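Reviewing the structure listed below.
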Amino acid sequence: MRSWVLRAACCVLFVATCRRSPEPPPALPPANTIYDEIDLDDVDGSNLLSLARGASIVSRTAENTLENSAAHAIDGDWLSYWRSPPSGPEQTFVISLPARARIDRVGAIIPPGAEVPPRVRFDASDDGASWREIATLEPKQQRDPQLARVTPFNARYLRVETIGRVSAYAAIRSLVAKGQFIEPPRQPPIEGCWHINGMPARFSRRGTSVAGVIGNDPPLYVLGGTDGRAIRVTWMRGKMWGPAILTLDPQRRALSGERWYERVREQNSGEGWFGVPAQCNEVAFNETKLAKAMLQRAGRWMAYGASAIETLAEIVAQEPSKRFVVTVHSVAEEQAVRNALRANLARVEIQNAGEAKGITAPQRAIADGVELRAR
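At position 250 of the sequence shown the residue is numbered 249 (numbering that gives the first Met the number 0), and the sequence of numbers has no breaks.
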């Protein structure tokens, strides 16, 4: 009897053990196809409405936040986006180009879902005052660019309107215009005073170099250079830093831009910058002091243009006990750096990385500078 009970208990234990099969591992989350492709796609392509190519927001009616502003619709990154205030009311943007262009396609990249605006209308102008209608889109639920081929037209300004309301928000990832510039760019001076996002701002320019300060609590310093269309800068506020791109309306009525935190990626994008001119006394900045502070904070500093290479050489000269690494992207840049360094060349390793790398237009624009690092 005792053996029978023992055998029965063993069987029960065996069955219970068999039933306690290990739990399957949790299912993997579904692949996020948008972010999986962030480093594989440049959906914007050769878009004239890009900060890196000199496009600028002259005016806009509203956005939900400055982190989803009109500047994000022309930043050249199809993953960032403009979003309307709640209830998706109709909104209008006016965008300037750095030069007159001949355009044959207009359109937008719209995030699929409930935020698709019912219609998007494009108008064109040579002076930003007199407008002619070009096309009206009825966007579909798709990720790819939605472009309308139009009779080629010349323009310096485009006006874009979202027409019709949506239940919550309307959103646009990128506004797109395809074509060619037919005149050289005309960039007005940035130097002087502005009000940017309601804060006082001052800028100075020396050759191709641009330095400035925005706000005062605490101040945000910028230092960079212009290529005649866009102004690429490094910004620094306290312990925070990153790249930014600024552009100006050719009539100097407005300034716009966008900053990123440390790297140019949609996940790192900050607020859009919107400015109008103001009056003030002339101001000058110590570019070498600013560049050294940025080098210390970020571990590197980007020099944009010939004037900035002079600042780079001054930093090296002021640190006779240190060694540096300089990365360039062309033979011409390498020769310019060698000529500027002169007697200090022995303490600097120069690396030619070839063409600047980047998927999107802002990534390539920010990477295409002379990088200085301390060893």
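We treat Cβ as the ideally placed atom computed from N, Cα and C, and that holds for glycine.
Here the structure is a predicted model, which means the values were calculated and not measured.
Cβ neighbours of residue i in the same chain (closer than 8 Å, five flanking residues each side left out)
| i | result |
| --- | --- |
| P151 | R101, I102, D103, G178 |
| T233 | V221, L222, G223, W240, G241, P242, A243, M293, A297, W300, M301 |
| N267 | G241, W259, Y260, E261 |
Buried or exposed by the 16-neighbour rule on C-beta atoms within 10 Å, applied to residue i
| i | result |
| --- | --- |
| A123 | buried |
| G304 | buried |
| G298 | exposed |
| V11 | Low per-residue confidence applies at V11: pLDDT is 39, beneath 50, and the placement is therefore not dependable, though the value from the model is reported in the following sentence. V11 comes out exposed. |
| Q90 | buried |
| N67 | buried |
| T161 | buried |
| Q295 | exposed |
| R374 | exposed |
| S129 | exposed |
| N351 | exposed |
| A169 | buried |
| Q186 | buried |
| D74 | buried |
| N46 | buried |
| V330 | exposed |
DSSP bridge partner residues for residue i (one or two, in chain order)
| i | result |
| --- | --- |
| I195 | M198, G274 |
| K177 | R104 |
| S95 | S55, Y156 |
| R82 | A170 |
| T161 | V119 |
| A134 | F121 |
Residues near residue i by beta carbon distance below 7 Å, same chain, minus five either side
| i | result |
| --- | --- |
| A290 | L222, W300, T310, I314 |
| I133 | V105, F121, D122, A123, V149, F152 |
Reduced DSSP category for residue i - H, G, I as helix; E, B as strand; rest coil
| i | result |
| --- | --- |
| Q145 | strand |
| R59 | strand |
| E313 | helix |
| A229 | coil |
| N153 | strand |
| T236 | Thr is not the amino acid found at residue 236; the sequence shown has Arg there. Note: R236 maps to strand in three-state DSSP. |
| N267 | helix |
| V282 | coil |
| A243 | strand |
| A128 | coil |
| I308 | helix |
| L222 | strand |
| E348 | strand |
| E370 | strand |
| A210 | strand |
Same chain, Cβ closer than 6 Å to residue i, neighbours up to 5 away in sequence not counted
| i | result |
| --- | --- |
| G357 | R363, A366 |
| D125 | R155 |
| T326 | Q350, A352, E370 |
| A355 | H328, R363, A366, D367 |
Supposed contact pair residue j and residue i - C-beta distance, whole angstroms, cut 8 Å
| i | j | result |
| --- | --- | --- |
| L157 | F180 | Not a contact, Cβ separation roughly 14 Å. |
| A54 | I171 | At roughly 14 Å, the Cβ-Cβ gap does not stay under 8 Å, so A54 and I171 are not in contact. |
| A113 | V165 | 7 Å |
| R200 | G256 | In the sequence as presented, Arg is not what sits at residue 200; that position holds Ala. That pair is no contact at about 11 Å. |
| P183 | R204 | Actually they do not touch by this definition, with Cβ atoms about 19 Å apart. |
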